[in-house]
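In our numbering, the protein residues as written are 7 to 325. Here is the structure we will look at, set down as C-alpha cells.
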C-alpha cells in the first residue's frame, strides 16, 4: 500500500517536469524528476507510463548532450530494467550498451548484461564462471545490495541449469556465510529472507539435499520481519518441505493453513493461489476438479518463480 508521502512526492515531481524554465540546472533537475517518476510508476507496475516518461526524458536530454550525460546514463539504465521486466531482452541489451558509465559503475552494467543472458536461457559453464566472478567483485566492494542480486542470479542459474553439480555444493557454504553478513544490515533483512526463500523454492523443485533445505528453513525462522507475504512464504515452503521429504500430510496441511491465515485478507496474489491449491489437494477433491486445478497450478508455477526472482534480481532505478 502506497503512503501519502509517495503520492505527494509524485505530485511534486510532476510539477518539476512541467516547469518551462530550461536553464542547465533546471534541466538536470527535470531529468532527475523524470527518472524518479518513472521509478514510482514502475513500482505500481504501470510499465507503459514509465516507458513514456523515459522516452520524454531522453528526448529532452539530447538538447544539451554534454550537460545531461550523467542523467542520460540513468535513463538508459532505467529503461533497460523496464525492458527486462516485460521480457524485451534485445531492447534491454541495446539500452544497457548505451550506458557510458559516467555515473553508473561498470559492475552494474555488467550485472544487467549477465541478467539478460540468463533470462535468454543462455545457461552454460561460461555464465556460471561470470556469475562467480561478479559475486566475488561485489564481495570485495562490500556492496551488500549488489551481493543480494548477485546471489539471486547465482542461485537461479546453477539450480536451473545444473542442480546436481559440484557447483551447487561449493556454493552452499558461501551462501550461508554471505546471507549472515547481509542480514545484519537492517534495511536488507527482508531481501535476505526472500533470497533464502528463492533458494528453498528451487531446492525443493529440484529435490536437493534434505539436510541443506532443513538448514535453510531453520535459518528463515531467525528472521523477524513484519511483511505478512514473507512470513506466509516461510510457512508455505515449510509445508512443501514436510510434504516432500517427511510425507506428513497433517503436518504440511497445518503449515499451509497457517500460511493462508498469515496473509492479508485483501491479498489475492499468486502465493494465495498456490497455498489454496495445496490445501485442496490434501483434502482429496473430486477427480475432475483436481485435474483442472493441476493444469492451472502447472501454468502458475513459472509465474510464481518469475515474480519472486525478478523482485530480487532487478536493480533499483537510478535518479
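Using N, Cα and C, we set each Cβ at its ideal position, and we do this for glycine too.
*Verify whether the separation of the beta carbon atoms of residue 88 and residue 53 is less than 8 Å.*
It is a contact, given that the beta carbons lie within the stated cut-off.
*What is the rounded straight-line gap between the Cα of residue 116 and the Cα of residue 104?*
The alpha-carbon of residue 116 is positioned some 13 Å away from that of residue 104.
*Give the C-beta separation of residue 95 and residue 135 to the nearest angstrom, bearing in mind that I take them to be a contact with Cβ-Cβ under 8 Å.*
Contact annotation, residue 95 with residue 135: C-beta distance approximately 21 Å; criterion of less than 8 Å not satisfied.
_How far does the alpha helix (DSSP H) with residue 284 in it extend, from its first residue to its last?_
For residue 284, the enclosing alpha helix (DSSP H) has its first and last residue at 276 to 288.
_Using C-beta distances below 8 Å, list every residue in its chain close to residue 273, excluding the 5 sequence neighbours before and after it, in chain order._
Exclusion of the five residues before and after residue 273 leaves 234, 235 as the residues of its chain whose Cβ lies within less than 8 Å of its Cβ.
_Using a 10 Å radius around the Cβ and a threshold of 16 neighbouring Cβ atoms, would you call residue 200 buried or exposed?_
Per the 10 Å Cβ criterion, buried.
_N-terminal and C-terminal residue of the alpha helix (DSSP H) that residue 261 is part of_ = Counted as a single uninterrupted DSSP element, the alpha helix (DSSP H) harbouring residue 261 occupies residues 255 to 268.
*Go ahead and label residue 57 buried or exposed: buried means 16 or more other beta carbons lie within 10 angstroms of its beta carbon, across all protein chains shown.*
Note on residue 57: 16 or more other CB atoms within 10 angstroms of its CB, so buried under the neighbour-count rule.
*Cβ neighbours of residue 318 in the same chain (closer than 8 Å, five flanking residues each side left out)*: Taking residue 318 as the centre and dropping the five residues before and after it, the same chain places the C-beta of 154, 155, 158, 197, 200, 201, 204 closer than 8 Å to its C-beta, in chain order.
_Where residue 13 falls, given that 16 or more other Cβ within 10 Å makes a residue buried_ = The residue is exposed, with fewer than 16 neighbouring Cβ atoms inside 10 Å.
*Verify whether the separation of the beta carbon atoms of residue 102 and residue 118 is less than 8 Å.*
Yes, Cβ-Cβ distance for residue 102 and residue 118 is below 8 Å.
*Just the C-alpha distance for residue 246 and residue 189, rounded to the nearest angstrom, thanks.*
When rounded, the distance between both Cα atoms is 24 Å.
_Presumed contact (8 Å Cβ cut-off) between residue 260 and residue 281, rounded CB distance_ = Beta-carbon to beta-carbon, residue 260 and residue 281 are separated by about 12 Å, too far to satisfy the 8 Å threshold.
*asked:* Residues in the same chain with beta-carbon distance under 7 Å from residue 55, minus the five sequence neighbours each way, listed in chain order, please.
replied: 47.
*Proximity to residue 122 [Cα-Cα], best of 111, 24, 163, 216*: Comparing Cα-Cα distances from residue 122 to each of 111, 24, 163, 216, the minimum goes to 163.
*asked:* Does residue 70 come out as helix, strand or coil in the three-state DSSP assignment?
replied: Looking at residue 70 - three-state DSSP - the assignment turns out to be coil, as it is neither helix nor strand.
*When DSSP labels each residue in this structure, what does residue 126 get in the three-state scheme?*
Residue state for residue 126 is assigned as coil, using DSSP reduced to three classes.
*What three-state label does DSSP hand residue 62 in the structure shown?*
Helix at residue 62.
*Would you give the residue range spanned by the alpha helix (DSSP H) that residue 247 belongs to?*
Boundaries of the alpha helix (DSSP H) around residue 247: 234 to 247.
*asked:* Please report the distance separating the alpha-carbon of residue 323 from that of residue 161.
replied: When rounded, the separation of the alpha-carbon atoms in residue 323 and residue 161 is 23 Å.
*residue 21 by DSSP, collapsed to three states: which one?*
Note: residue 21 maps to helix in three-state DSSP.
*Option in 185, 44, 228 with minimal Cα separation from residue 19*: Among 185, 44, 228, the Cα nearest to that of residue 19 is on 44.
*Assuming residue 85 and residue 60 form a contact by the criterion Cβ under 8 Å, report the distance between their Cβ atoms to the nearest whole angstrom.*
Contact between residue 85 and residue 60 holds: their C-beta atoms lie close to 5 Å from each other, under 8 Å.
_Within the continuous alpha helix (DSSP H) that includes residue 200, where are the two ends?_
In this chain, the alpha helix (DSSP H) harbouring residue 200 covers 195 to 211.
*With DSSP run on the structure shown, which of helix, strand or coil describes residue 40?*
In this structure, residue 40 counts as helix in the three-state DSSP scheme.
*Ordered along the chain, which non-local residues of its own chain (more than five positions away) have a Cβ less than 8 Å from that of residue 271?*
Within the same chain, residue 271 has no close Cβ partners at all.
*residue 255 versus residue 21: straight-line alpha-carbon distance, rounded*: The alpha-carbon atoms of residue 255 and residue 21 are separated by roughly 57 Å.
_First and last residue of the uninterrupted alpha helix (DSSP H) at residue 83_ = Under the DSSP assignment, residue 83 falls in the alpha helix (DSSP H) whose first and last residues are 75 to 91.
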